[in-house]
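Notes follow once the structure below has been shown.
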């Protein structure tokens, strides 16, 4: 009986390898949004293919940089870019009541009151949002974690669903991230089971001399039929394959994407790893959802970390392949694998967490460019309007005019420039997680109470 089961798994594996090569000549890939017709619902086939690809356990980020045998591709860094976890359990009834009140405060029309919609847990100061997400009514957020929480009375949902920021995963060992997160969640309620991985994004950052922008959709052979090419300002920027499915892939120009995402922390890291600062850095990324992770028995954090290499091999060898088209062969499954893809498949995931350690701020602060270039826009426009060229004179006149403007505008509202600035600072301090407005609120209440007592002669 055991022999028959083993044989069935081998047959499934062979079948998956044939199908993994993807669309046949009668089912060509297209740039049209034809829908994502996943073919990996056969869990035994999926798992069998994965088991054969486990390999050695990798790190969560980067080893010394690696240049492929072809000499045309340089691997800069790789690992986990996005990680989503769910914690089973029940939210504390006291926390439920507290967050319900804070959520109402976050919806207030009073900006001063709204700025106090915050929750502090350990060293983390979270903004409490005024709306939930789907069936999760509460959201706590800062630059490191976005935590969605269910109601105390919820029977079907996990206690918490968490997204960990890419920046934090870049500079912090995952075991340390998990330990910190576990403390936070245990402070919010009763965890009654092992946390599960809901989604993981595995990535490789690389430079290459292969001309990626010259491909068309026919080069991709995949279990997914939905294939889209994208561009920025009419210039090709990358591919997305299987969007919306249980597995999807993105191959895109990360250098261009950074201009939009402002993830400038990657630039010095790439340079440290051998990037020349000139050639475009590309990223291949596989997004793997809970359904597939469950089929591959990698819902546990430790198992996920141990078998990143197996997941990468499964995705890049069995689920998606980049080929060199052969006009003399109408069967895409027989087309040879592109040399670049071979380089990416062979990314040497390390067994150690060899990462660059760096403190990541929990505060979501704006960049220096935003503050000292964009932020000076109002002053420079004011100076140009009044034909002022001296900076000191310009700043003085700017604030004098601002004070008169807000004094006039605030006569009916009883506010002026200082009150306006104070309100905005508190508001942005909540958004950036830099100012605990609850402390100021309690202090102001105490001052007001003391003033009332003195006034009444108490």
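Residue numbers (the numbering used here): -9 to 448. The beta carbon of each residue, even a glycine, is placed where N, CA and C say it ideally should be. These figures come from a predicted structure and were not determined experimentally.
Check                                                                                                                                                                           : Outcome
If we count the other Cβ atoms within 10 Å of its Cβ and call it buried at 16 or more, is residue 117 buried or exposed?                                                        : buried
Suppose only complete runs of 3+ residues qualify. What are the beta strand (DSSP E) ranges in the stretch 102 to 147, listed by chain order?                                   : 108 to 111, 114 to 118, 128 to 131 and 135 to 139
Between residue 88 and the rest of its own chain, which residues show a CB-CB distance below 8 Å, the 5 nearest in sequence each way excluded?                                  : 109
I need the DSSP call for residue 311, collapsed to helix, strand or coil.                                                                                                       : strand
Quick one: Cα of residue 201 to Cα of residue 152, how far?                                                                                                                     : 38 Å
Taking the runs of the alpha helix (DSSP H) that are 4 residues or longer, which of them lie wholly in the stretch 196 to 280?                                                  : 244 to 251 and 256 to 262
In terms of alpha-carbon separation, which member of 135, 124 and 265 lies closest to residue 141?                                                                              : 124
Helix, strand or coil: how does DSSP classify residue 152 here?                                                                                                                 : strand
Rounded to whole angstroms, what's the CA-CA distance from residue 216 to residue 234? Just pull it up for me.                                                                  : 9 Å
Determine contact between the stretch 236 to 256 and the stretch 276 to 292, defined as no fewer than three beta-carbon pairs at a distance below 8 Å.                          : yes
Pick from 371, 289 and 379: whose alpha carbon is nearest that of residue 74?                                                                                                   : 289
With a CB to CB cut of under 7 Å and the five nearest residues on each side skipped, what residues in its chain are close to residue 145?                                       : none
Who are the near neighbours of residue 385 in its chain, counting only those whose CB is closer than 7 Å to its CB and skipping five residues on each side?                     : 369
Considering just the uninterrupted stretch of the alpha helix (DSSP H) at residue 179, what are its terminal residues?                                                          : Where residue 179 is concerned, there is no enclosing alpha helix (DSSP H), although the beta strand (DSSP E) it sits in stretches over 179 to 181.
Excluding the 5 residues preceding and the 5 following residue 248 in the sequence, name in chain order all residues of the same chain whose CB lies nearer than 8 Å to its CB. : 254, 256 and 257
In the DSSP assignment, find the unbroken alpha helix (DSSP H) run with residue 79 in it and report its ends.                                                                   : Counting along the chain, residue 79 falls outside any alpha helix (DSSP H), though it belongs to the beta strand (DSSP E) covering 79 to 81.
Could you check the C-alpha separation between residue 65 and residue 331 for me, to the nearest Å?                                                                             : 12 Å
Give me whichever residues DSSP pairs with residue 450 in a beta bridge.                                                                                                        : Residue numbering for the chain in the displayed model covers -9 to 448; residue 450 lies beyond these limits and cannot be assessed.
For residue 212 versus residue 325, is the C-beta spacing smaller than 8 Å?                                                                                                     : no
Report all residues from its chain with a CB closer than 8 Å to the CB of residue 62; omit the five preceding and five following residues, and keep chain order.                : 198, 199, 200, 329, 330 and 333
If contacts are defined as beta-carbon pairs under 8 Å, then residue 268 and residue 195 qualify, I think. What distance do you get, rounded to the angstrom?                   : 15 Å between Cβ atoms; not a contact.
Enumerate in chain order the residues of its own chain whose CB-to-CB distance from residue 83 is below 7 Å, with the five nearest sequence positions on each side excluded.    : 142
Leaving out five residues before and five after residue 191 in sequence, what residues of the same chain have Cβ atoms less than 6 Å from its Cβ?                               : 71, 72, 275 and 277
Which residue or residues does DSSP assign as beta-bridge partners of residue 72?                                                                                               : 191
Can you check which of these residues, 148, 232, 245 and 206, is closest to residue 222 by C-alpha distance?                                                                    : 245
Determine the DSSP secondary structure at residue 65, reduced to helix, strand or coil.                                                                                         : strand
Between which residues of its own chain and residue 397 is the CB-CB distance below 6 Å, once the five residues before and five after are set aside?                            : 406
Since residue 186 sits in a beta bridge, which residues does DSSP pair it with?                                                                                                 : 76
May I ask you to report which of helix, strand or coil DSSP gives residue 428?                                                                                                  : helix
Skipping 5 residues on each side, what residues in its chain have a beta carbon closer than 7 Å to that of residue 232?                                                         : 26, 212, 214, 216, 238 and 239
State the DSSP-derived secondary structure class of residue 321, mapped to helix, strand or coil.                                                                               : coil
Taking the beta carbon of residue 322 as the centre, do at least 16 other beta carbons fall within 10 Å, making it buried, or is it exposed?                                    : buried
Among 418, 132 and 148, which has the Cα closest to the Cα of residue 182?                                                                                                      : 148
How long is the line joining the alpha carbons of residue 105 and residue 94, rounded to whole angstroms?                                                                       : 12 Å
So residue 176 is in the alpha helix (DSSP H); what residue range does that whole segment cover?                                                                                : 164 to 176
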